[in-house]
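Asks:
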Amino acid sequence: MYRPVTATLGLLTLFTAACARYEPDARLPDVRADVASRTGLGLPAELQASPTPFSGELSPDDAARMALQFNPNLHAALEDLNVATAREVQAGLLINPTLGGQILFEEDGVRPMLDFGLAFELGRLLTRGRRMRLTTAEREQVEAEVTEAIVQTMVEARAATISLWAAEQQLALQSEVVTVHEAAANAAQILSDAGNFTAGDLAMHRRALVQSRFALGQAQLARIDALEALSNVTGTIISADASAILEAMSTFTNEEAFIKTTLENSLTLKAERKRIEALGIQVGLANVSVWLDGLEAEAAFEREEDDTAAGFGATLSLPIFDGGRARTGAARAALEAAELRYRALAFAVANRARAILGMLEVAKTAANDLSPDLLVQTGNEFDFEQRQLNGMQIGPLGLLAAKAKQLENQIAAVEMQQLWALTSIQADALKSGVALHGLTDTEETER
777 MYRPVTATLG LLTLFTAACA RYEPDARLPD VRADVASRTG LGLPAELQAS PTPFSGELSP
837 DDAARMALQF NPNLHAALED LNVATAREVQ AGLLINPTLG GQILFEEDGV RPMLDFGLAF
897 ELGRLLTRGR RMRLTTAERE QVEAEVTEAI VQTMVEARAA TISLWAAEQQ LALQSEVVTV
957 HEAAANAAQI LSDAGNFTAG DLAMHRRALV QSRFALGQAQ LARIDALEAL SNVTGTIISA
1017 DASAILEAMS TFTNEEAFIK TTLENSLTLK AERKRIEALG IQVGLANVSV WLDGLEAEAA
1077 FEREEDDTAA GFGATLSLPI FDGGRARTGA ARAALEAAEL RYRALAFAVA NRARAILGML
1137 EVAKTAANDL SPDLLVQTGN EFDFEQRQLN GMQIGPLGLL AAKAKQLENQ IAAVEMQQLW
1197 ALTSIQADAL KSGVALHGLT DTEETER
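See the structure below:
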């Protein structure tokens, strides 16, 4: 009694699972939870309309939140996950049985002959478990890639904010540089008109003024580019009067722990592991598919005159020409290639983490120690020139030259601060599991 009941329950469970329904966004809660655990920010359920245009102060975290809310590419990535989820459900479904039949009439047309058959693809049933494991691994791979795309966009939003901040600071300082060179050129012209300045010295100051104006134009273009990049990544038009602000930078000291965390959290490596798992399942499917492809079971019913008959039949593919060696070999080669690429990718991720940690330390030292000291020394130099001018020991051109040098050093300090901020964002990104662009280009091309 036990075995028939068990078999019946097993069949009911199988056919219930084989009739599963696809539900959109079924995996979205998992992605939302993963993103929140990695970044501390929540992913909205739906794409929202962006405010147009945005003005005011914007921090890197503000930009990341805007990207989550308004960037259509993130929600397009979620639809990619829906595609993979639908394929996973589809893999568990059984092929609909086919019903075939014919009615034949004899010459007298009195008693028709009936012949009906109900065919079911048995090979699909026997490989259902492997196909489900395959599509589950593929869906988990896509899920990791989608999470990576979301976190990567947030990183890009933060970096774009830092770039806008640096562009704004450099533009303001370069405007002061132009003012200084304008004053120097005017003073040089006055001295030249009085016969106290050579034509060569006057040309030098005029050339410096033109160069400063050229640099100002470049700074203006850099700010326009930064605004465009920030608008694209946040999905929001950023007003020209908007301004960016900095947040506290991250610091890491333990190289071994940092690299270990980077490797453990890497979404790229996670996706590759799921890809390897899927390829391993494909090897198993390739081994059995030569026998199971085309395997069908059929229930037949036939009525002829006063006789009726019913029975079962089966159709089996004979591997005479295609023994499956080629498809199995291709699957095994793809698996081995993926495993080797995974090793190379893990090596590259670890190297990148080590390099970023070194860059972070150098940038932090330059921004926190060297840049302030440089500004102090150039400030002292300018104060000295100011005292010299007050004591009639130098003319105004000497003081203006010291001021221009001070502004140039301030621009260099901004560049160091930008480098530290961007490197800090990259370090945080690695800890959050994002492989920076450039590590996977080869793999994506070869896929």
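Under my numbering, the first residue of the sequence shown is numbered 777, with each subsequent residue one higher.
From the three backbone atoms N, C-alpha and C, an ideal C-beta is built for every residue, glycine too.
Just so it is clear, the structure is predicted and the values come from calculations on it, not from any experiment.
Is it right to say residue 839 is buried, meaning 16 or more other beta carbons lie within 10 angstroms of its own, or is it exposed?
Replies: With 16 or more Cβ atoms within 10 Å of its Cβ, residue 839 is classed as buried.
Asks: Give the single residue among 1034, 898, 821 and 987 whose Cα lies nearest to the Cα of residue 1073.
Replies: When 1034, 898, 821 and 987 are compared, the shortest CA-CA separation from residue 1073 is found for 898.
Asks: Contact between the region 1190-1197 and the region 1136-1145 is defined here as three or more beta-carbon pairs at a separation below 8 Å; is this criterion met?
Replies: Touching, per the Cβ criterion.
Asks: So for residue 1134, helix, strand or coil by DSSP?
Replies: Helix, per DSSP.
Asks: On the three-state DSSP scale, how would you describe residue 891?
Replies: strand
Asks: When you compare only the Cα positions, how much space is there between residue 831 and residue 1128?
Replies: 36 Å
Asks: Assign residue 861 to one of two classes, buried (16 or more other C-beta atoms within 10 Å of its C-beta) or exposed (fewer than that).
Replies: buried
Asks: Determine the extent of the alpha helix (DSSP H) in which residue 937 is found, giving its start and end residues.
Replies: Per DSSP, residue 937 belongs to the alpha helix (DSSP H) from 904-969.
Asks: With a cut-off of 8 Å on the beta carbons, I'd call residue 1118 and residue 1052 a contact; round off their distance for me.
Replies: 6 Å
Asks: So residue 1190 and residue 945 are supposed to be a Cβ contact under 8 Å. How far apart are they, rounded?
Replies: Between residue 945 and residue 1190 the Cβ distance is about 4 Å, and since that is below 8 Å, they are a contact.
Asks: Our contact map puts residue 929 next to residue 1009 with C-beta atoms below 8 Å; I'd like the distance itself, whole angstroms only.
Replies: 6 Å
Asks: Nearest to residue 1006 by alpha carbon, out of 842, 1178 and 810?
Replies: 842
Asks: Assess contact between the region 1042-1052 and the region 912-922, defined as three or more Cβ pairs (one per stretch) separated by less than 8 Å. Is contact present?
Replies: yes
Asks: Helix, strand or coil for residue 818 per DSSP?
Replies: coil
Asks: Check residue 878 in the structure and name its three-state DSSP category.
Replies: strand
Asks: Measure the Cβ-Cβ separation of residue 893 and residue 1075 and say whether it is below 8 Å.
Replies: Yes.
Asks: Find the nearest neighbour of residue 859 within the set 915, 1171 and 1202, judged by alpha-carbon distance.
Replies: Comparing Cα-Cα distances from residue 859 to each of 915, 1171 and 1202, the minimum goes to 915.
Asks: Near residue 1209, which residues of its chain fall below 6 Å by C-beta distance, leaving aside the five closest residues on each side in sequence?
Replies: 814, 1041, 1042 and 1043
Asks: Is it the case that the region 931-950 contacts the region 1051-1068, given that we only count it when at least three CB pairs across the two stretches are under 8 Å?
Replies: no
Asks: Since residue 1015 and residue 836 are thought to touch, with beta carbons under 8 Å apart, how far apart are those beta carbons, to the nearest angstrom?
Replies: Not really, about 18 Å apart at Cβ, beyond 8 Å.
Asks: Considering residue 1085, what are the terminal residues of the beta strand (DSSP E) in which it resides?
Replies: 1083-1091
Asks: Could you compute how far the alpha carbon of residue 1231 sits from the alpha carbon of residue 1089?
Replies: Past the boundaries of the shown model lies residue 1231; the chain is included only from 777 to 1223, so the question cannot be answered.
Asks: Classify residue 1221 as helix, strand or coil using the three-state DSSP reduction.
Replies: Legend: pLDDT at residue 1221 = 36, less than 50; position of this residue unreliable, no value from coordinates given.
Asks: Starting from residue 832, trace the alpha helix (DSSP H) in both directions and tell me its first and last residue.
Replies: Premise fails: residue 832 is in no alpha helix (DSSP H) and is neither H nor E.
Asks: In the region 1105-1190, which residue ranges form an unbroken alpha helix (DSSP H) of at least 4 residues, counting only runs that do not cross its ends?
Replies: 1147-1166
Asks: Helix, strand or coil: which one does DSSP assign to residue 781?
Replies: Here residue 781 scores only 49 on pLDDT, less than 50, and its place in the model should not be relied on; the value that follows carries that caveat. Secondary structure at residue 781: helix, using DSSP grouped into helix, strand and coil.
Asks: With H, G and I counted as helix, E and B as strand and the rest as coil, what does DSSP make of residue 988?
Replies: helix
Asks: Please report how far the alpha carbon of residue 1094 lies from the alpha carbon of residue 900, in whole angstroms.
Replies: 17 Å
Asks: Taking its Cβ as the centre, do 16 or more other Cβ atoms sit within 10 Å of residue 810, making it buried, or is it exposed?
Replies: buried
Asks: Taking residue 949 as the reference, give the member of 1204, 879, 1182 and 820 with the closest Cα.
Replies: Ranking 1204, 879, 1182 and 820 by Cα distance to residue 949 puts 1182 first.
Asks: CB-CB under 7 Å to residue 1218, same chain, minus the five flanking residues each way: which ones, in chain order?
Replies: Note that residue 1218 scores a pLDDT of 37, beneath 50, so its modelled location is shaky; the value from the coordinates is reported in the next line. For residue 1218, where only same-chain residues beyond five positions count, there are no Cβ hits under 7 Å.
Asks: So the candidates are 904, 870 and 960; which of them puts its Cα closest to the Cα of residue 1065?
Replies: Out of 904, 870 and 960, 904 has the C-alpha closest to the C-alpha of residue 1065.
Asks: Measuring straight from C-alpha to C-alpha, what distance separates residue 1131 and residue 1205?
Replies: 14 Å
Asks: What is the rounded straight-line gap between the Cα of residue 846 and the Cα of residue 912?
Replies: 30 Å
Asks: Just the Cα atoms here: how many angstroms apart are residue 854 and residue 844?
Replies: Using only the alpha carbons, I get a separation of about 12 Å.
Asks: Which same chain residues end up closer than 7 Å to residue 1115 when comparing Cβ atoms and leaving out the 5 residues on each side of it in sequence?
Replies: 1052.
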